[in-house]
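One point on numbering: in our numbering, the residue at position 257 of the sequence shown is 258, and numbering is uninterrupted. Glycine included, C-beta positions come from ideal geometry on N, C-alpha and C. Worksheet for the structure shown next.
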Amino acid sequence: FSDSQAATSCSSSSSPQESMAKGAKGAGALRTLSVEEIPSDCSEPVDAKALEQARAIVEGIRKGGEDALKATATKFGDIKEGEAYTCTPAELKAAFDGLPKDHQGVLTRVAERISKFAAAQRASISDMTTDIPGGQAGQTVSPVETAGCYAPGGRYPLPSSVLMTACTARAAGVKQVWVASPHPDQVTMAAAHVAKADGMLRVGGAQAVATLSQGIGPVPKCDIIVGPGNQWVTAAKSLVSQSGTAIDMLAGPSEVLVIADDTADPATVASDLLAQAEHDVEARPILVSTSKDLVGAVNAEVVKQLADMPSPNRETATEACKKGFAVVASSVEDAVGVSDRIAPEHLEIMTKDAMEVGMKCKHYGGLFVGRYAAEVLGDYGVGPNHVLPTAGTARYTGGLSVHTFLRIRTWMRIDKAEDSQGVVRDSVALARLEGLEGHARAAEKRLC
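Structure (structure tokens):
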């Protein structure tokens with residue numbers, strides 16, 4: 002989109018927000034788009050070039066095993082020559098024990114809140130039994146046995162992602178939980194201890210995903226791999242998902258969309274947009290407002306707050322803001338429609354009757370209602386998970402939860418053959434309607 006699409010002027014009245022709007026020009030200000038100009042696809046999670054690079058790494062480790070893992074991890078700087086590629090539970094505990102007490106307390110409290118919410122989710126679904134003609138049928142709910150939890154370690158270490166993924170796996174009842182993160186710092190290792198991880202793979206990228214999928218050395222073969230990562234992690238997850246390893250989702254760059262009316266505080270809206278923008282240069286901050294004045298005032302705040310941000314956060318957020326945009330909606334209903342079209346990863350509502358507006362929204366990864374429900378509180382463990390769908394995939398899927406690690410399996414039993422005859426006859430008839438004679442004859446064996 003061209004710079005000419007960025008609206009920076011407002012009407013000539015002298016409201017406080019308009020005065021701020023007049024100064025909205027500057028690095029970081031969001032361009033204003035019409036509804037028709039909104040990108041139809043905000044981001045593609047799997048990059049074609051990264052996919053081919055990841056394929057070579059995954060195939061190399063599949064064929065070469067531990068030697069290939071060590072060589073690849075050394076090549077990409079995950080470990081040094083001869084250095085161990087895993088951390089033991091004792092090493093993770095030592096990292097925790099070496100932290101200041103206040104840091105220990107933060108990790109412990111966040112883990113407890115995540116685990117509490119996850120436990121409530123687990124309790125929301127259970128085994129069940131119901132009567133069927135001649136017998137009973139039901140479902141059992143059980144966890145996978147082994148999970149691999151990836152935590153990024155690029156621009157910033159993310160111990161919060163360790164807690165979000167591993168604590169949730171434990172709450173689901175997963176027996177073995179391994180964490181992977183490239184060159185983990187002490188806090189990341191300590192978080193793995195708090196989350197009761199069985200070990201840590203000190204490797205990142207496609208090589209980590211390949212190792213978790215295959216199982217190498219002390220690292221077990223994982224039934225599922227979860228957690229956010231860079232484009233090579235995402236590409237590798239797409240590859241291993243085709244060969245017997247489940248994944249949570251293919252996550253693209255972070256997104257936040259704020260629906261705001263003229264009651265919203267511009268400084269608060271701007272700070273929430275920048276909180277996501279500092280994640281990555283590809284992140285996408287989006288504002289949808291019923292007030293043109295508010296858009297200008299928020300842009301003025303974005304420029305002001307960016308100027309006061311430390312480096313490299315400032316440079317990252319400034320680039321990300323170029324990917325973002327603002328939309329002026331004619332009504333709250335239209336704003337909801339814009340949001341549903343985008344299906345953002347994070348959706349904040351800062352309007353009158355915020356809960357009512359939020360409940361009208363259909364498509365989002367996580368919903369944050371009202372000024373005080375900051376998205377960053379979700380990032381740092383108020384309860385719900387922060388691993389959420391991006392790139393519009395919230396239209397058909399939700400975020401990471403205990404349900405990600407659970408298998409719902411059904412069973413049936415016929416105790417009284419005479420009571421099941423109606424079902425048997427229907428099965429014979431329907432099989433022949435479909436032309437499946439073998440099915441019909443198998444059902445006929447149950448006639449009595």
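Strand pairing of residue i, partner residues [DSSP]
| i | result |
| --- | --- |
| residue 256 | 285 |
| residue 410 | 141 |
| residue 368 | 348 |
| residue 277 | According to DSSP, residue 277 bridges with nothing at all. |
| residue 150 | 180, 227 |
| residue 217 | 220 |
| residue 290 | 261, 329 |
| residue 136 | 133, 415 |
| residue 87 | 202 |
Terminal residues of the alpha helix (DSSP H) in which residue i lies
| i | result |
| --- | --- |
| residue 345 | Neither: residue 345 is in no alpha helix (DSSP H) and is coded neither H nor E. |
| residue 200 | Counting along the chain, residue 200 falls outside any alpha helix (DSSP H), though it belongs to the beta strand (DSSP E) covering 200–202. |
| residue 249 | Here residue 249 belongs to no alpha helix (DSSP H), and DSSP marks it neither H nor E. |
| residue 163 | 160–173 |
| residue 118 | 102–124 |
| residue 129 | Premise fails: residue 129 lies in the beta strand (DSSP E), 129–133, not in any alpha helix (DSSP H). |
| residue 97 | 90–98 |
| residue 398 | It is not in any alpha helix (DSSP H) - residue 398 carries neither H nor E in the DSSP assignment. |
| residue 360 | 355–361 |
| residue 34 | Note, residue 34: premise wrong, no alpha helix (DSSP H); not H, not E. |
| residue 62 | 49–76 |
| residue 379 | 376–380 |
| residue 27 | Neither: residue 27 is in no alpha helix (DSSP H) and is coded neither H nor E. |
| residue 431 | 422–434 |
| residue 238 | 232–241 |
Cα-Cα separation between residue i and residue j, rounded to whole angstroms
| i | j | result |
| --- | --- | --- |
| residue 441 | residue 183 | 56 Å |
| residue 163 | residue 37 | 39 Å |
| residue 24 | residue 301 | Unreliable placement is indicated for residue 24, whose pLDDT of 38 sits below 50; no coordinate value is reported for it. |
| residue 246 | residue 229 | 16 Å |
| residue 343 | residue 112 | 31 Å |
| residue 224 | residue 179 | 11 Å |
| residue 329 | residue 405 | 37 Å |
| residue 391 | residue 253 | 6 Å |
| residue 358 | residue 323 | 28 Å |
| residue 170 | residue 420 | 42 Å |
| residue 39 | residue 95 | 50 Å |
| residue 286 | residue 27 | 16 Å |
| residue 154 | residue 417 | 59 Å |
| residue 218 | residue 211 | 13 Å |
| residue 189 | residue 331 | 46 Å |
| residue 204 | residue 193 | 14 Å |
| residue 134 | residue 191 | 54 Å |
| residue 71 | residue 394 | 35 Å |
| residue 250 | residue 244 | 15 Å |
| residue 54 | residue 116 | 36 Å |
| residue 90 | residue 105 | 16 Å |
| residue 82 | residue 67 | 14 Å |
| residue 338 | residue 297 | 22 Å |
| residue 412 | residue 226 | 27 Å |
| residue 58 | residue 207 | 6 Å |
CB contact flag (residue i, residue j, <8 Å)
| i | j | result |
| --- | --- | --- |
| residue 86 | residue 202 | yes |
| residue 333 | residue 264 | no |
| residue 255 | residue 248 | no |
| residue 221 | residue 407 | no |
| residue 157 | residue 209 | no |
| residue 307 | residue 275 | yes |
| residue 147 | residue 102 | no |
| residue 181 | residue 149 | yes |
| residue 88 | residue 216 | no |
| residue 131 | residue 410 | no |
| residue 73 | residue 61 | yes |
| residue 311 | residue 257 | no |
Own chain, CB closer than 7 Å to residue i, minus 5 neighbours either side, in chain order
| i | result |
| --- | --- |
| residue 444 | 425, 428, 429, 432 |
| residue 109 | 195 |
| residue 379 | 367, 369, 385, 387 |
| residue 13 | Low confidence applies to residue 13: its pLDDT is 34, below 50, so where it sits in the model is not reliable enough to give any reading. |
Close-in-space but distant-in-sequence residues of the same chain around residue i (CB under 8 Å, 5 per side omitted)
| i | result |
| --- | --- |
| residue 353 | 262, 264 |
| residue 351 | 259, 260, 261, 262, 264, 265, 266, 269, 270, 371, 372 |
| residue 448 | 422, 425, 426, 429 |
| residue 320 | 282 |
| residue 436 | none |
Any non-hydrogen atom of the ligand COA closer than 7 Å to residue i Cβ
| i | result |
| --- | --- |
| residue 134 | No copy of the ligand COA occurs in the structure displayed, which carries no ligand at all. |
Span of the beta strand (DSSP E), counted from its first residue to its last, around residue i
| i | result |
| --- | --- |
| residue 193 | Segment 187–195 is the alpha helix (DSSP H) holding residue 193; no beta strand (DSSP E) there. |
| residue 1 | This structure cannot settle anything about residue 1, because the visible part of the chain is limited to 2 through 449. |
| residue 328 | 326–329 |
Contact set for residue i: own chain, Cβ-Cβ below 6 Å, skip 5 residues either direction
| i | result |
| --- | --- |
| residue 341 | 363, 364 |
| residue 369 | 349, 376 |
| residue 51 | 232, 233, 236 |
| residue 100 | 191 |
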